[in-house]
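Student:
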Amino acid sequence: MITDHRERSARTRGTVTPASGTWRNWAGNITARPAREVTPASVEELAAAIRGAAEDGLTVKAAGTGHSFTAVSATGGVLIRPGLLTGVRHIDRVAGTVTVEAGTPLKRLNQALAREGLSLTNMGDIVEQTVAGATSTGTHGTGRDSASVSAQIRGLELLTADGTLLTCSAEEHPEIFAAARVGLGALGVITAVTFAVEPVFLLTAREEPMPLDRVLTEFTRLTTENEHFEFYWFPHTGNCNTKRNNRSQGPASPVSPLSGWFDDEFLSNGLFQAVNSLGRTVPATIPAIARLSSRALSARTYTDVPHKVFTSPRRVRFVEMEYAVPREALPAVLRELRTTVERSRLRVSFPVEVRTAPADDIPLSTASGRDSAYIAIHLYRGTPCREYFTAAEQIFTAHEGRPHWGKLHTGDAEYFSEVYPRFGEFTALRDRLDPDRLFANPYLRRVLGD
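7 is the number of the first residue of the sequence shown in the numbering used here; add one for each residue after it.
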């Protein structure tokens, strides 16, 4: 067992301050004015902040880096900032686990694991979120055998409304453990998470353009034959960029610095930012931009450690909606979306991202009980999104889609009770752990009920 005290020993005492202004999420589409902000440096300080909020009749929400597009973290009460609750607590090589404090950004977790020759099995495509924020909203990558970050949890600590610190796992408080892995912040405040880890491995990524019709026709084969498959369809075109990631014996052959800068920084961020700004100003240019963008990225193959293959920098700000549908429904759903775009006046400058996940056993996971395919739609920040997102959502919900909890949607408790077989199990547990709704906010009241 390896214990890392470097971050814990460097902590200072936490702070409690009257809120000085408006809290905004990363995309800028959600704002809130909390009554006060607390930056605790220990679980004890966090517990005191929760007790103080209850005594003052205020609600409590924790907000990490604000990468959710919904108001899941917004509050007019006490806003918990977990910036001092970071760092690796310990690594257990025998058990194959790492325990990390809840405010740790995924990027720093990946770096810490890499130093120890370890890795998560799968991860999403960005790494700026905190551990607690990513798991509480169901952040996922793509995978035939594994996908979500939450499904890799082996234990967690949860501070509940009555001040109890619960250590939860499949053996201890198993019903709480099952639900809190994707808990939306509705059951309490997560203070630490234990993940399954494995010795670091290599992935070979193969990226190549492919016609959309071929991808949809061969979708089952592509997702079955590859450990990790995803693709990006460019609306207003019939073109996709596909990515296949599979384990490799090596040797490592990373993207060259020049190629990486050109593809990942210049094309995917710098130039993409410029063309989106143009498209927002002159929407008529978007179809032509889409055709150019879909041809700009060429085929490439590289082999590297997981966090350098799964993840990529995202500097262009946007708003996003993502729904999980039954995996077998994906080709039909995407064809409907393509038809909707073609027959409308919509102008869509962002590619549509498609990923997959196997079924899991987490009550509010979007993959709960069924193999799933994810369809994510985006628009550049500041672009009116209601018409596009409404049209897409109607397609997704017609196929029993389940929205990502941290991405835009209009779903409510009535709808979720129909598409989540274990929805009542979660809300009953919420009634038990937070009967006075200390951790509630308008978003949670909408999606979970009062």
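Just so it is clear, CB atoms sit at the ideal spot from N, CA and C, and this is done for glycine as well.
1. Write down every uninterrupted run of the beta strand (DSSP E) in the stretch 322-378 whose length is 3 residues or greater and which is fully enclosed by it, in chain order.
2. Within this structure, are the beta carbons of T2 and T136 separated by less than 7 Å?
3. Could you pull the DSSP bridge partners for F278 from this structure?
4. Express the C-alpha separation of C391 and T143 in angstroms, rounding to a whole number.
5. Quick one, which of P357, D310, Q158 has its alpha-carbon nearest F207's?
6. With distances taken Cα to Cα, identify the nearest neighbour of L222 among W29, V339, A363, P46.
7. Following the continuous alpha helix (DSSP H) through I182, name the residue where it begins and the one where it ends.
8. Would you mind listing the alpha helix (DSSP H) stretches within the stretch 67-121 that are 4+ residues and don't spill past its ends, in chain order?
9. How big is the Cα-Cα spacing for T200 and A192?
10. Could you name the residues of the same chain whose beta carbon sits closer than 6 Å to that of I56, not counting the 5 residues immediately before and after it, in chain order?
11. Output the residue ranges of the beta strand (DSSP E) runs that lie fully inside the stretch 124-212 and measure 3 residues or longer, sorted by chain position.
12. Do you know how far the Cα of T127 is from the Cα of H146?
13. Any idea if E163 is buried or exposed, counting beta-carbon neighbours within 10 angstroms, 16 or more meaning buried?
14. Across the stretch 398-407 and the stretch 328-348, are there enough close Cβ pairs to call them in contact, namely three or more that are closer than 8 Å?
15. Can you name the start and end residues of the alpha helix (DSSP H) that E424 belongs to?
16. DSSP three-state call for E236: helix, strand or coil?
17. Please classify Q158: is it buried, with 16 or more other beta-carbons within 10 angstroms of its beta-carbon, or exposed?
18. Strictly by DSSP, which residues pair up with E43?
19. What's the gap between the Cα of T248 and the Cα of R220?
20. Does DSSP put S48 in a helix, a strand or coil?
21. Measuring CA to CA, which of E122, Y426, R297 is closest to T243?
22. Mind checking which residues open and close the beta strand (DSSP E) that includes T248?
23. Report, in whole angstroms, the separation of the C-beta atoms of T45 and G20, which I expect to be a contact under 8 Å.
24. Can you tell which of V261, R320, P289 has the C-alpha that lies nearest to the C-alpha of L277?
25. Going by DSSP, which residues form a beta bridge with W29?
26. Is it buried or exposed, A5, if we count other Cβ atoms within 10 angstroms and call 16 or more buried?
Tutor: With the structure as the only source:
1. Correct list: 324-332, 358-363.
2. This structure does not reach residue 2, given that the chain is present from 7 up to 456, and the question cannot be answered.
3. None, per the DSSP bridge assignment.
4. Near 22 Å, if we compare the C-alpha coordinates of C391 and T143.
5. Closest by alpha carbon: D310.
6. Proximity to L222 across W29, V339, A363, P46 peaks at V339, based on C-alpha coordinates.
7. Start and end: 180-186.
8. Taken in chain order, the whole alpha helix (DSSP H) runs of length 4 or more contained in the stretch 67-121 are 112-121.
9. Between T200 and A192, the C-alpha separation is close to 20 Å.
10. Excluding residues up to 5 positions away in sequence, V66 lie with their Cβ nearer than 6 Å to the Cβ of I56 in the same chain.
11. You should have 159-165, 171-174, 195-202.
12. Straight-line Cα distance between these residues: approximately 12 Å.
13. Classification for E163: buried.
14. Yes, since at least three Cβ pairs between the stretch 398-407 and the stretch 328-348 fall closer than 8 Å, the two stretches touch.
15. In the DSSP assignment, E424 falls within the alpha helix (DSSP H) that extends over 419-425.
16. Assignment of E236 by DSSP, reduced to helix, strand and coil, places it in the strand class.
17. Q158 sits buried, since 16 or more C-beta atoms from the chains shown fall within 10 Å of its C-beta.
18. As a beta-bridge residue in DSSP terms, E43 pairs with T23, L85.
19. In this model, T248 and R220 are separated by some 11 Å (Cα to Cα).
20. Reduced to three states, the DSSP call for S48 is coil.
21. Taking each of E122, Y426, R297 in turn and checking the Cα distance to T243, the smallest one comes out for R297.
22. Residues 245-254.
23. About 5 Å; that satisfies the 8 Å criterion.
24. Taking the Cα of L277 as reference, the smallest distance to any Cα among V261, R320, P289 is reached at R320.
25. According to DSSP, W29 shares a beta bridge with A38.
26. Nothing in the structure corresponds to residue 5, since the chain is present only between 7 and 456.
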